[in-house]
């Protein structure tokens, strides 16, 4: 069914570009404190890279990249990372998301612990945004034979 | 040199309004999307020049790249929707014959 | 086949890591290790998709088996010649469009052309399609298997396709001495909506 | 006339030429008669315009990380712009948008003259 709509130019170009867009998204997540961006923007770009393959090659083929049910699970997992980091700080005797206390478990200085804490939170937010956006796309298209 | 880029950004932001006419008046939906794409291309250039004016080009380049990616994906999505619409119309026409 | 796939993955990894190094302006242990991790993650994420053969690629594979030849691979050296040539073509194209657009009478005479090429695989067809879009006065409307549908703005702009220089240039990216890529009898030009099979 | 002046002059010429081609693309979008001919204006003039402006900025920046990133943008636009144009043209073709032809136009005007 998808072969009817297949546009070889769009399909091939998106397959070539998708990994690079994904890497750019990871760059946005990891460099959140030097340049604009951070978890949310990076997560959106990651979702965009995945949706590009879904749009161009058809939903069936794109299951090879990320399966249908995985989006929701990844979304929950991202939120878990975010809250896990926050509650870890609470357990260590500080406030919610009080990163500097992470230095008690991680073998780094207080400043570096702050750095790592922010990184964990941003990775969590990125995964959550990506998973949920892909899940929304898949749920909207459920049962559509042309997808 | 600093002033020149300010003038250039003003000129570019005036140019952006030209394709807007096609977006508002375009007889078919494809014309409107084409106009929107043209606006996006000019906006990318404008962002870069403004980055040079503010002396933070490294930051604005990232924004431009993100903008380019999202513009591309948006155009592809709409094009695919219209494409499938056309296919469905065609099939209905054949059935009537 | 497995070896080629493995080598391809390594090349892709190096490309992705180079892209990361270009993007990231920070060259310390933390950021470079993040880059290595990210590139590896992207490669692993796309592994299954890259192993998959798409519809058109299956057709190409079947044809390659029929004609009993090795699958074609792009020649990097030729690409280095092709890209500047293409940029020059874009410059010429834009001047032509500018001349037409700014001319008070707008001397355009559009035409739809259909033709078939003997290009070896989908990649080559996609390169030709995008090159046609970028070169003077022509735009690829559709590619169906081997058949191209091209919209041309003026009579003068058809020459690049009619004399076969552009398709031959693309075919040279894959083979040293390509055979006849385009036959003149195959080109159909329609300049009217009446009687066309549109 | 030292080197810096020359580079500045080159930047100004390139960016101004780029802005000119962006303007030509927009004017073409307004003046040309139908969708397919309008794609010619955006597909080519805009691509060259953005390439020229970015080349000017690269000369302004010299050899640095920023220049490399700008080159990435050029490559990205050079790849995606024709692709998006083709996707739209294909969609229009499947929507049965009739192309504008010179002959059809002439026939119509002849009919009007007869009437």
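Residue numbers (our numbering), protein chains in the order written: chain A, 1 to 147; chain B, 1 to 97; chain C, 1 to 198; chain D, 1 to 115.
Don't be surprised by glycine CBs; every beta carbon is placed ideally from N, CA and C.
Presumed contact (8 Å Cβ cut-off) between residue i and residue j, rounded CB distance
i             : j             : result
residue 157/C : residue 138/C : 6 Å
residue 82/D  : residue 49/D  : The Cβ separation is near 14 Å, so there is no contact.
residue 73/B  : residue 51/A  : 7 Å
residue 47/D  : residue 134/C : 7 Å
residue 76/B  : residue 56/A  : 7 Å
Strand pairing of residue i, partner residues [DSSP]
i             : result
residue 111/C : 152/C
residue 142/C : 149/C
residue 188/C : 114/C
residue 182/C : 117/C
As assigned by DSSP and simplified to three states, the class of residue i
i             : result
residue 16/B  : coil
residue 74/A  : helix
residue 119/C : coil
residue 91/A  : helix
residue 174/C : coil
residue 47/B  : helix
residue 54/A  : helix
residue 80/B  : helix
residue 35/A  : coil
residue 30/D  : helix
residue 94/B  : Because the pLDDT at residue 94/B is just 40, under 50, the model does not fix this residue reliably, and the value given afterwards should be weighed accordingly. Here residue 94/B sits in helix by DSSP.
residue 130/A : helix
residue 88/C  : helix
residue 64/D  : coil
residue 163/C : coil
residue 55/B  : coil
residue 73/C  : coil
residue 67/A  : coil
residue 20/D  : helix
residue 31/B  : helix
residue 109/A : coil
residue 6/C   : helix
residue 100/D : coil
residue 139/A : helix
residue 2/D   : coil
residue 197/C : Here residue 197/C scores only 49 on pLDDT, less than 50, and its place in the model should not be relied on; the value that follows carries that caveat. Correct three-state label for residue 197/C: coil.
Interface residues of chain C facing residue i [CB-CB closer than 8 Å]
i            : result
residue 61/A : 49, 52, 54
residue 45/A : Within 8 Å Cβ-Cβ: nothing; residue 45/A doesn't reach chain C, min ~12 Å.
Interface partners of residue i on chain A, CB under 7 Å
i            : result
residue 83/D : 9, 10, 13
residue 39/C : 23
7 Å Cβ shell around residue i - same chain, five flanking residues per side excluded
i             : result
residue 178/C : 168, 171, 172
residue 76/C  : none
residue 31/C  : 24
residue 70/A  : none
residue 67/D  : 58, 61
residue 33/A  : 118
Under 7 Å by beta carbon: chain D residues contacting residue i
i             : result
residue 72/B  : 80, 84
residue 170/C : Simply none; closest approach about 14 Å.
Contacts that residue i makes with chain C (C-beta to C-beta distance below 7 Å)
i            : result
residue 72/D : 22
Close beta carbons around residue i, own chain, < 8 Å, minus the five adjacent residues each side
i            : result
residue 12/B : 42, 45, 46, 49
residue 17/C : 35, 36, 39
residue 96/A : 86, 87, 89, 90
residue 9/B  : 46, 49, 50, 53
Neighbouring residues, chain B, relative to residue i (Cβ below 7 Å)
i            : result
residue 77/D : 68
residue 46/D : 38, 41
residue 55/D : Ordered by position in chain B, no residue passes the 7 Å Cβ test against residue 55/D, which lies about 12 Å from the chain.
Where residue i meets chain B, residues with beta-carbon distance less than 9 Å
i            : result
residue 94/D : 82, 83, 84, 85, 86, 87, 89, 90
Close Cβ partners of residue i (< 6 Å) along its chain, the five nearest in sequence each way excluded
i             : result
residue 40/B  : 71
residue 124/A : 78, 81, 82
residue 103/A : 110, 113
residue 33/B  : 78
residue 127/C : 170
residue 97/D  : 35
residue 28/D  : 41
residue 26/A  : none
residue 74/A  : 127, 131
9 Å Cβ cut-off: residues of chain A touching residue i
i            : result
residue 47/B : Those within 9 Å of residue 47/B in chain A number zero; the least Cβ separation is about 12 Å.
residue 24/B : In chain order: nothing, as chain A lies at least about 27 Å away.
Within chain D, partners of residue i - CB distance below 8 Å
i            : result
residue 35/B : 29
Closer than 8 Å at the beta carbon, the chain B residues around residue i
i             : result
residue 24/A  : 65, 66, 69
residue 35/A  : 58, 59, 62
residue 149/A : The displayed coordinates of chain A run from 1 to 147. Any statement about residue 149/A would go beyond what the structure contains.
residue 48/A  : 69, 70, 73
Cross-chain neighbours of residue i in chain D, by beta carbon under 9 Å
i            : result
residue 53/B : By Cβ distance, chain D contributes nothing, its closest Cβ being about 12 Å from residue 53/B, past 9 Å.
residue 43/C : By Cβ distance, chain D contributes nothing, its closest Cβ being about 19 Å from residue 43/C, past 9 Å.
Within chain A, partners of residue i - CB distance below 8 Å
i            : result
residue 76/B : 10, 14, 52, 55, 56
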